[in-house]
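Here's the structure we're looking at; comments come further down.
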Amino acid sequence: MIRVIFAAAAIALLGGNPALAQCADITDSEKRLECYDAMANQASGVCEIEDFNYSTRGSYLKVTGAMTCADGKMNYRLYDGDDNFLTAGFTYFEGYALTILERIEAPDRLNIKYSIEQR
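Following the working numbering, the numbering of the sequence shown begins with 1 at its first residue and continues without gaps.
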């Protein structure tokens, strides 16, 4: 009974989308975030990071890249090459160009997990 009420509340909070509610049952937080990312990307159509590079600018990590869609909002989580969490945030992009600026040390390798909301 409580599970049914929780599922109904989750569906209501997620805009009535039962597909997103399936992610609410995942107990591992990283897997739940990946589920939400996949659902958000599926709902917004095909928009991905085509390519990216990163460098250090002073005490900041600067990520620049190309997108497969013209503009939107990207929610992201950055990880090093060993899949250790570094930081999370969001950025708006336009003109097929992506820029992320975070006050963290640049890792040897960078992985980005993201979801995109197209405008």
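Idealized CB from N, CA, C, for every residue including glycine.
Please classify M1: is it buried, with 16 or more other beta-carbons within 10 angstroms of its beta-carbon, or exposed?
Residue confidence for M1 is low, a pLDDT of 39 falling below 50, so the modelled location carries little weight; the figure read from the coordinates is stated next. That one is exposed.
Please decide whether A97 counts as near chain B, where near means a Cβ-Cβ distance under 8 Å.
The structure shown contains no chain B; it is built from a single protein chain.
Based on the DSSP output, what are the partners of E102 in its beta bridges?
L61, per the DSSP bridge assignment.
Measuring CB to CB, does E94 end up less than 8 Å from T68?
no
I'd like to know whether the C-beta atoms of A106 and Y54 end up nearer to each other than 8 Å.
yes
Quickly, what does DSSP pair D51 with across the bridge? List them, please.
A66
For M74, count neighbouring Cβ atoms within 10 angstroms of its own Cβ and tell me buried if that reaches 16, exposed if not.
buried
C-alpha gap between I104 and A24, whole angstroms:
30 Å
Expressed to the nearest angstrom, what Euclidean distance is found between the alpha-carbon atoms of K62 and I100?
6 Å
On the premise that Y76 lies in contact with G89, defined as a C-beta separation below 8 Å, what is that separation, rounded to the nearest angstrom?
6 Å
Per-residue DSSP class, three states only, for D108:
coil
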